[in-house]
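The next block holds one structure in the form of structure tokens; read it before the comments.
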Amino acid sequence: MSSVILLKENFKPSKRIENFYDGGSIAMSADGQFLLCEGGSGAEDMEGSDVTLGGARLVNMETGAIVSSLSGDSQAITSLLLRDTAAGPAAEAILASRSLQIRIVDTASGRVVRSFKAHDVPAVTMILDRSNSLLATGFSDGTVRVWDLERGFITHHFRAHRGPVTSLLFVREGSAATSRSVAQAASLKGDLKSGELDGWVLASGGDDGVICLWDLESRALVSSLQSHVSAVSALSVAADGSRLLSASRDKVVCLWDVSLALAEGRARSAGSRAPADVPVGCAADLPSGHILFFTAGDRGTVRVWNANTGACIGESSKDSPNQAFHCAFLSADKRHVIGVTIDRTLLFYSLESPTLARSRQLVGSNDAVIDLAYGGPEEELIVRVYNTRTNNTSLLFGHSDVVLALACHRAGGDLLLTGSKDKTARLWELNAETGEFAPRATLVGHTDAITAVAFGRRSRGFALTASEDRTVKCWDIASGASTAAARYTVIAHAKDINTLAVAPNDRLFATGSQDKQIKVWETETGALSTVFTGHKRGIWSVDFSPTERVLASASGDKTIRIWSLEDGSCLKTLEGHTNSVLRVCFLSAGLQVASAGSDGLVKLWTLRTSECVATMDGHEDRVWALASATEEDGCQLVSGGADAVIQVWDDSTESERQSRREAEEQALMCEQELSNYLHVKDYPKAVNLCIRLGQPRRLYTILSDLANGAAIAGAEDPKQAEADRLSITGSAAIDRLFQSYRGERLAKLISYVREWNTQARFSLIAQRVLNLILRAHSPRFFLDKTKGYHGLSQDTIDALLAYSERHVSRIDRLLTRSFLVDFSLDSMGVYIAENPLPEVTEEEPEADAAAPGAALDRLLDAADSDEEYAGDVPLIAPSLEVDSDDGASSSDDDGEVVFNDGTGVKRQASTSSKTQRPGPGGKRGRPAADKDARKRRSVMA
Numbered sequence: 000m001s002s003v004i005l006l007k008e009n010f011k012p013s014k015r016i017e018n019f020y021d022g023g024s025i026a027m028s029a030d031g032q033f034l035l036c037e038g039g040s041g042a043e044d045m046e047g048s049d050v051t052l053g054g055a056r057l058v059n060m061e062t063g064a065i066v067s068s069l070s071g072d073s074q075a076i077t078s079l080l081l082r083d084t085a086a087g088p089a090a091e092a093i094l095a096s097r098s099l100q101i102r103i104v105d106t107a108s109g110r111v112v113r114s115f116k117a118h119d120v121p122a123v124t125m126i127l128d129r130s131n132s133l134l135a136t137g138f139s140d141g142t143v144r145v146w147d148l149e150r151g152f153i154t155h156h157f158r159a160h161r162g163p164v165t166s167l168l169f170v171r172e173g174s175a176a177t178s179r180s181v182a183q184a185a186s187l188k189g190d191l192k193s194g195e196l197d198g199w200v201l202a203s204g205g206d207d208g209v210i211c212l213w214d215l216e217s218r219a220l221v222s223s224l225q226s227h228v229s230a231v232s233a234l235s236v237a238a239d240g241s242r243l244l245s246a247s248r249d250k251v252v253c254l255w256d257v258s259l260a261l262a263e264g265r266a267r268s269a270g271s272r273a274p275a276d277v278p279v280g281c282a283a284d285l286p287s288g289h290i291l292f293f294t295a296g297d298r299g300t301v302r303v304w305n306a307n308t309g310a311c312i313g314e315s316s317k318d319s320p321n322q323a324f325h326c327a328f329l330s331a332d333k334r335h336v337i338g339v340t341i342d343r344t345l346l347f348y349s350l351e352s353p354t355l356a357r358s359r360q361l362v363g364s365n366d367a368v369i370d371l372a373y374g375g376p377e378e379e380l381i382v383r384v385y386n387t388r389t390n391n392t393s394l395l396f397g398h399s400d401v402v403l404a405l406a407c408h409r410a411g412g413d414l415l416l417t418g419s420k421d422k423t424a425r426l427w428e429l430n431a432e433t434g435e436f437a438p439r440a441t442l443v444g445h446t447d448a449i450t451a452v453a454f455g456r457r458s459r460g461f462a463l464t465a466s467e468d469r470t471v472k473c474w475d476i477a478s479g480a481s482t483a484a485a486r487y488t489v490i491a492h493a494k495d496i497n498t499l500a501v502a503p504n505d506r507l508f509a510t511g512s513q514d515k516q517i518k519v520w521e522t523e524t525g526a527l528s529t530v531f532t533g534h535k536r537g538i539w540s541v542d543f544s545p546t547e548r549v550l551a552s553a554s555g556d557k558t559i560r561i562w563s564l565e566d567g568s569c570l571k572t573l574e575g576h577t578n579s580v581l582r583v584c585f586l587s588a589g590l591q592v593a594s595a596g597s598d599g600l601v602k603l604w605t606l607r608t609s610e611c612v613a614t615m616d617g618h619e620d621r622v623w624a625l626a627s628a629t630e631e632d633g634c635q636l637v638s639g640g641a642d643a644v645i646q647v648w649d650d651s652t653e654s655e656r657q658s659r660r661e662a663e664e665q666a667l668m669c670e671q672e673l674s675n676y677l678h679v680k681d682y683p684k685a686v687n688l689c690i691r692l693g694q695p696r697r698l699y700t701i702l703s704d705l706a707n708g709a710a711i712a713g714a715e716d717p718k719q720a721e722a723d724r725l726s727i728t729g730s731a732a733i734d735r736l737f738q739s740y741r742g743e744r745l746a747k748l749i750s751y752v753r754e755w756n757t758q759a760r761f762s763l764i765a766q767r768v769l770n771l772i773l774r775a776h777s778p779r780f781f782l783d784k785t786k787g788y789h790g791l792s793q794d795t796i797d798a799l800l801a802y803s804e805r806h807v808s809r810i811d812r813l814l815t816r817s818f819l820v821d822f823s824l825d826s827m828g829v830y831i832a833e834n835p836l837p838e839v840t841e842e843e844p845e846a847d848a849a850a851p852g853a854a855l856d857r858l859l860d861a862a863d864s865d866e867e868y869a870g871d872v873p874l875i876a877p878s879l880e881v882d883s884d885d886g887a888s889s890s891d892d893d894g895e896v897v898f899n900d901g902t903g904v905k906r907q908a909s910t911s912s913k914t915q916r917p918g919p920g921g922k923r924g925r926p927a928a929d930k931d932a933r934k935r936r937s938v939m940a
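What follows is the structure, encoded as structure tokens:
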């Protein structure tokens, strides 16, 4: 292992173990890869379940993971099926509910493909034919209907039962293995041709104990089999189609001769009593020709029978005294019997084993996860006990009440200690051959519920237990006896003890209690070593650092504290959780800690900076349990909460660092590529790269430069320069590029325009690009969603309109305010000539042109005369103020005449402050303006 310890930065969820079966109906796909489970009872729906009432979950049989969740119609499901289609395995789910509707739902998207009202009463049971085209439904009023799912109409309607229909089965007499299905034999419009359905029979079993055989060709009842005295729970047919098996709640399995029943309208039955086993699963033929069937029911075992002799030839063991089966069915490969228990657990029994050994177990529903720990030689087992790779589960039976605490010996992973409300602790040892834990010893001595347990870090000879009786006991477990003896007992706290931890060297152990105190004890003698006080609420968890003499504690006061074992001082206080902190553990050789709280969050802290570097959200309720794997195997966290979810988190630090390095390298390459494009003035490629990289700021800079004439200045071809000058964006190539945009690129460009348009300083470029887009495409182009999404949604249109109207109003206000300048100039007497001043030619003396006040004199002469001024440079002259006392006038303080040549460049001509022109009658001042002059100035303003 490397001597350099890398701090963790983040964890990502890698596996999630959650409830997938809430009870009720369950169905398996034809290939055996998926299970469709009823999900979403009223209670779960109110608590925030992902499935509403009447919904279902599609589960991967291999991993036990939920593939998809299907929403319900707010009514309880009465029956469900999985239908294979050409789109893939288990592509559609058929759901019947108390709403009287049958819905066909696409399992990939959750979209309802078809929905129709089946009857006036709910459908109790359903079955598909081999082609998945015909659906038979049985209702609570005793009627049976057959539907053509491809065309959506009823092909058959039967009624003979006096109560609800409880089971259905399609039967083909004498040739069940034929490739032609019932649907292939049926007419497209329900009209049956003679001989097409010859031999096809639909068997229905009812609550009245009667089995009816319906001829699909003649649409008639051909036989009524009466032998059961209770509801028929299951029907199955032999491979050759000649024998029919029926199981009933009267605990009797009957074997029927189908050929005789169809020929004579009656049947010979050979029944064998199968005590306390209710439904039948399936029939199978062995090479000897014997017909075998299995049963599973409230007896809690799976039994295999010989139909010819009625003898039981194999029976599975019973895992729990209260075990009973809700239903059972054969796996797709016909090698396992899958039994569904009443506690919502799926048990897989191998038919290849003489004893029907259980090969696998999937737990469909868990209660709150109170505690968990890594165990096993590869640290892959989590108690209840889960295999984190396959979800295979082993249940450890022995405690008579809720298990509150557990611990696994980290040295070998083969010892497990559990503490329960039944006041006992049990020691379990891993069987290397079976891979399951077996009971080894029972620890009895506490007078109240055991709330915390712990092993030594190094030694395998002792274990510690803490209880609500406020005592801690040290047990000798090295002897291997079935009942362990206590070495010592100490009264540790004044209130309930919540947590227990052992130091890495096994010399000390720490306890935390509801009395807000943390106490450190000597393991050998049980003597008190140190007491830590400072938390304001009870202590929920403590843990020793693997490298330093420090201790971490988690409390109900929402804080995590780091304590020094040397002097008992508090070194650090970590705050960040919004509710009680329930678990804490050290990571990264003691440089970091992970915590879990009642806020449903798991947090990662770095002790050097006292900062929370990552927050993981994977639970909807308080997180009671948190455990970490060893550093050698790669750091992994697993958390369990009151929401019955076990979430596995993998260290993603290295992968994220690698991703960041790759992103930085890619960004540098793209930046260099963009610089190259700009250097050679290849603006279209530069713009495309900015849009591909998602850099709106760089794109705006490029467009702003183009608007300021960057393309025109660098153009060598006069025609290209003229085209760029006449373009909207400042580059004809960019205009054509934006006009060619479709789909995602156009949507991204419009999103940039929307953002730019929100600010006045960016609005000019935004309006230019928007103008170009709207000119290039018609409104129909944006409304036609069949050609893809182009980014001009209703929200985008509203945003563009709102800010565009704001920009128009702003410009209009600016224009209105500019009239004030004209009015001020007019009031000050500034005259803007309609004709510019004449250019100075060589014929005119230079002295006259450059003489001080010469230009002003010419302007004033033109103003006094009735003729228009014939110059070619517009001029703004300063006003001449009239002194009211002596009638003298003077130029402005600056003594400057400002010339404007029409190009935006202003020139100034100096005049002498003493240069004055006499007005009419010899008075010095401004001449009186006649009406025409006033009119001209008013028009120009």
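In this text, residue positions in the sequence shown follow numbering that gives the first Met the number 0: the first is 0, and each later residue adds one. Cβ coordinates follow ideal geometry from the N, Cα and C atoms, glycine included. Quick caveat: nothing in here was measured; it's all calculated off a predicted structure.
Cβ neighbours of residue i in the same chain (closer than 7 Å, five flanking residues each side left out)
| i | result |
| --- | --- |
| Asp-620 | Gly-599, Gly-640, Ala-641 and Asp-642 |
| Asp-207 | His-160, Arg-161 and Gly-162 |
| Leu-705 | Tyr-682, Thr-728, Gly-729, Ser-730 and Ile-733 |
Same chain, Cβ closer than 6 Å to residue i, five either side skipped, listed in chain order
| i | result |
| --- | --- |
| Glu-574 | Thr-558 |
| Pro-695 | Tyr-751 |
| Ser-98 | Asp-72 and Gln-74 |
| Gly-617 | Pro-12 and Gln-646 |
| Gly-713 | Lys-680 |
| Val-443 | Thr-423 |
Proximity below 8 Å, CB of residue i to CB of residue j
| i | j | result |
| --- | --- | --- |
| Arg-343 | Gly-589 | no |
| Asp-72 | Arg-102 | yes |
| Asp-83 | Ser-28 | yes |
| Ser-96 | Gln-74 | yes |
| Asp-542 | Phe-10 | no |
| Ala-135 | Leu-167 | yes |
| Ile-65 | Ser-24 | no |
| Glu-8 | Thr-815 | no |
| Ala-404 | Ala-451 | yes |
| Ala-685 | Ile-701 | yes |
| Ala-92 | Ala-55 | yes |
| Ile-538 | Ile-517 | yes |
| Ala-246 | Thr-294 | yes |
| Ser-638 | Val-612 | no |
| Leu-673 | Leu-688 | yes |
| Gly-313 | Val-303 | yes |
| Val-549 | Thr-510 | no |
| Phe-531 | Trp-520 | no |
Outcome for residue i when other beta-carbon atoms lying within 10 angstroms are tallied against a minimum of 16
| i | result |
| --- | --- |
| Thr-392 | buried |
| Pro-717 | exposed |
| Phe-396 | exposed |
| His-227 | buried |
| Tyr-487 | exposed |
| Pro-121 | buried |
| Lys-333 | exposed |
| Gln-635 | buried |
For residue j and residue i, believed in contact at Cβ under 8 Å, the rounded distance
| i | j | result |
| --- | --- | --- |
| Arg-560 | His-576 | Actually they are not in contact, since the Cβ atoms of Arg-560 and His-576 sit about 13 Å apart, beyond 8 Å. |
| Leu-361 | Leu-345 | 4 Å |
Closer than 8 Å to chain C by CB, residue i
| i | result |
| --- | --- |
| Ser-512 | Given the protein chain composition of this structure (a single chain), no chain C is represented. |
Any 3 or more C-beta pairs closer than 8 Å across the region 428 to 442 and the region 486 to 497
no
If you pair each beta-carbon of the region 307 to 326 with each one of the region 343 to 358, do three or more pairs fall below 8 Å?
yes
State whether the region 406 to 425 contacts the region 318 to 338, with contact taken as three or more CB pairs (one from each stretch) at a distance under 8 Å.
no
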